[in-house]
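Notes follow once the structure below has been shown.
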Amino acid sequence: MKVSYAPHCSFRIRYHMVFVVKYRKSLITKKVFESFKEILNGIEERYYLKFHAIGYENDHMHLLIEARPRYSPSEIMQICKSITAKQIFKKFPEIKEELWGGHFWTEGGHIDTVGDGYGEEKMKEYIKNQGRDLSQLMLSSFI
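Residue numbers (the numbering used here): 2 to 144.
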């Protein structure tokens, strides 16, 4: 795994995160997913995160994220979930009507660290092979 540099530090920190749609509703369509990619590009620029891969099924999303040490994993998850939810609700108001609590994502989530022992390529392969229907999962590279 390549070392990244920021002012006053160097680091190799990558996380695999899974966000689940509230009530496990199947709301992530190809059109919604394309919007997520645009939103995540904006998050990359603003928060200096690097998205290496993103995969989805209709009711959840997998992300492979590189982050500076200034952010804790829970902060990264909060940043990504809150901004994506707000932007998706703005762009697709019909989705907000479908979710009666006003939240797009469930409260929890899943976080794994990705290191030299379990590298980026293995994690990308894992994300790609998620789900019951392999033809349904979409993987995008942010490189």
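Note that the Cβ used here is the ideal one computed from N, Cα and C, for glycine as well. A quick note: this is a predicted structure, and the numbers were derived from the prediction, not measured.
Asked	Found
Beta-carbon spacing of H61, I89 below 9 Å	no
Residue ranges of each alpha helix (DSSP H) within the stretch 85-110, 4 or longer	94-99
Buried/exposed call for T85, threshold 16 Cβ in 10 Å	buried
DSSP state of R69 mapped onto helix, strand, coil	coil
Y16, buried or exposed, once every other Cβ within 10 Å from all chains shown has been counted against 16	buried
Bridge partners - F34, DSSP secondary structure assignment	Answer is none; F34 lacks a bridge partner.
Pairwise C-alpha distance: H9 and G110	31 Å
Option nearest K26 by Cα separation, candidates R47, T114 and W101	W101
Alpha carbon of S11 to alpha carbon of D113, nearest angstrom	21 Å
N59 versus K123, V21 and F93, residue with shortest Cα-Cα distance	V21
Alpha-carbon spacing of V115 relative to F93, whole angstroms	33 Å
Beta-carbon gap between M124 and C81 smaller than 9 Å	no
Integer Cβ distance of I77 from L50, believed to fall under 8 Å	7 Å
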